[in-house]
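*Asks:* In this note's numbering, the protein residues as written are 530 to 911. Backbone N, C-alpha and C fix where the C-beta goes; we use that ideal spot for every residue, glycine too. If you're wondering where the values come from, they're calculated on a predicted model, not measured in any experiment. This is the structure, below, for whatever I ask next.
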Ligand code: HMG
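Below, the structure is given as C-alpha cells:
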C-alpha cells in the first residue's frame, strides 16, 4: 500500500509588496531582487492575521472532506504564538475537528514540516484507514532595510496525508544531515531572525550535497531516475543554485525545466519557511504542462540551524483532479498591492505583550482572522 499526500492547499494573506517598489524605496537596482534573488513580490501579514488564522484559512476546504477520519494533526512552524500550547489547538477548534484527533506542534526552522510528513506516513502504516492533517504556517521576518528584507513573506500550507493518496506517494529512503550551526535563529525575546545570510546559503548547499550522497547510497537511485526537483525556497534563485550544485555533483547538464514550474508561486509569496517546500510542490503540480503521472520528484528540505533531508515521491495517476489550482491562482491575483507606507505600517504593528485587552482592526477578508487578545488569550473568528 502507498502512503503520502492526498491533497495540498495553501493560503497567503491578501496583501503583497512589489520588489520593484521596495528597490526604488531602498535606492537599489530592482534587478538585484528580481534577477539576483529571483523574487518579484512578497506577501505581507496584516495586523489581524497570524500563523493560526493562515493555517485555518489554508485547511478549511480540505478538512470538510476528511474531518471524521483525521485523528492526528501535526502543526509545523517557527513562528509559534505560545510557549506551551500547540497553535494547532486553535485551528482544531476553528475547523471543528474530531475530539479524538491528537494535536502537536513541531519546530526545526524550515525543516519541521518534512519531519512531520515522515512521522505521518509512518503513523499511517499502522492506521491505514485514518488520515493525518499536516499544516505548516509561518511568517518570515528579517526587519526593515536589512539584507534579508527582500526575502520576507508569509503563508500556510495544509496537507491531508493518507493511504492510497491522490497526489504523491512518499518513497522510503531519505538522506539526512544535521549539525549544530548558528546561520539563522530567533531567540524567544525577538520578533525577527538573526541571520548570517551568506553563511546560511553556503550551509544550505553543503547540506544538500551531504543529503544527496546519503540518499543515493540508501536508495540506489540516480539523478536520471528523477523527473523534477523541488527545493526549499528562501528565494527562488537559491533553488537554481541548489539545482546547479546537484547537477554538478551528478555530472549532468543543468536543465532549468526540471525546477522552473516549482518556483512560480514562491516568486510571488516570498519565503514561507516551513511551508516553502510544499508551496513549491503545489506550484509544480499546478503549473507543469507535462503530465507528471508516475514520475519521481526529488525533494530537498532545509531548516537552518541546521537539518536537511533529501527524499522522493511518485506522482499518482489522476493527480490533476485533486488540485486547488484555480483557488491558488485567484488568491495570488486578488492580493492588494501595498504602497511602502502601508507595508511599513503592517510590518511594524505590534500586539500588546503585557496582557492588556486589544481588538485588532478589521483588515483581512478571512474567512478566519485574529480578533484580538483578552486575558492574555488570542481570540480568533470569522
Ligand atoms: P545581499 O547581501 O543583499 O545580496 O544578501 P548579494 O549582494 O549577495 O546579492 C544577491 C544576488 O544578487 C547576487 O547573486 C548578486 O550578484 C546579485 P549571486 O552572486 O549570489 O548569484 N545582484 C544582481 N543581479 C542582477 N542585477 C543587479 C544585481 N546586484 C546584485 N544589479 C541574502 C542576499 C540571500 C544573503 C540575503 O537576502 C539574506 O540574508 N536573506 C536571508 C537568509 C536566506 O534567505 N538564506 C538562504 C539559505 S538559509 C535557508 O534557506 C533557511 C531559511 O529559510 C530559514 C529557516 O530555515 O528557517 C532562511
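Roughly how many angstroms separate the alpha carbons of residue 721 and residue 606, rounded to a whole number?
*Replies:* Cα to Cα, residue 721 sits roughly 14 Å from residue 606.
*Asks:* Flag this pair as yes or no: are the beta carbons of residue 646 and residue 851 separated by less than 8 Å?
*Replies:* No, these two residues do not count as a Cβ contact at 8 Å.
*Asks:* Can you pull the DSSP bridge partners for residue 809?
*Replies:* Answer by DSSP bridge pairing: none, since residue 809 is not bridged.
*Asks:* Less than 8 Å between the CB atoms is what I'm expecting for residue 609 and residue 677, so what's the real figure, rounded?
*Replies:* Contact doesn't hold; Cβ gap of about 20 Å is too wide.
*Asks:* Exposed or buried, residue 777, counting other C-beta atoms within 10 Å across all chains shown (16 or more means buried)?
*Replies:* Exposed.
*Asks:* Give the list of continuous beta strand (DSSP E) stretches no shorter than 3 residues that lie fully inside the segment 534–558.
*Replies:* Runs of the beta strand (DSSP E) inside the segment 534–558: 544–547.
*Asks:* Buried or exposed: where does residue 896 fall if 16 or more other Cβ atoms within 10 Å of its Cβ makes it buried?
*Replies:* Per the 10 Å Cβ criterion, exposed.
*Asks:* By Cβ distance below 8 Å, which residues in the same chain neighbour residue 848 in space, the five residues on each side in sequence not counted?
*Replies:* Once the five neighbours on either side are set aside, the close Cβ partners of residue 848 are 695, 696, 697, 814, 821 and 822.
*Asks:* For residue 633, does the count of other Cβ atoms within 10 angstroms reach 16, so buried, or fall short, so exposed?
*Replies:* Exposed, by the Cβ-count rule.
*Asks:* Can residue 639 and residue 795 be called in contact, C-beta distance under 8 Å?
*Replies:* Going by C-beta atoms, residue 639 is not nearer than 8 Å to residue 795.
*Asks:* For the alpha helix (DSSP H) containing residue 870, list its first residue and its last residue.
*Replies:* Note, residue 870: alpha helix (DSSP H), 869–877.
*Asks:* From the DSSP output, in three-state form, read off residue 970 for me.
*Replies:* Because the chain in this structure spans residues 530 to 911, residue 970 falls outside the shown range and cannot be described.
*Asks:* Thinking residue 704 and residue 540 are a contact (beta carbons under 8 Å), I'd like their distance in whole angstroms, please.
*Replies:* No, residue 704 and residue 540 are not in contact; Cβ-Cβ is about 31 Å, not under 8 Å.
*Asks:* What residue from 612, 824 and 626 has the CA that sits closest to residue 593's CA?
*Replies:* Cα-wise, what sits closest to residue 593 is 626.
*Asks:* Are the beta-carbon atoms belonging to residue 591 and residue 661 less than 8 Å from one another?
*Replies:* Not a contact, by the Cβ cut-off of 8 Å.
*Asks:* State the DSSP-derived secondary structure class of residue 678, mapped to helix, strand or coil.
*Replies:* Three-state DSSP puts residue 678 in a helix.
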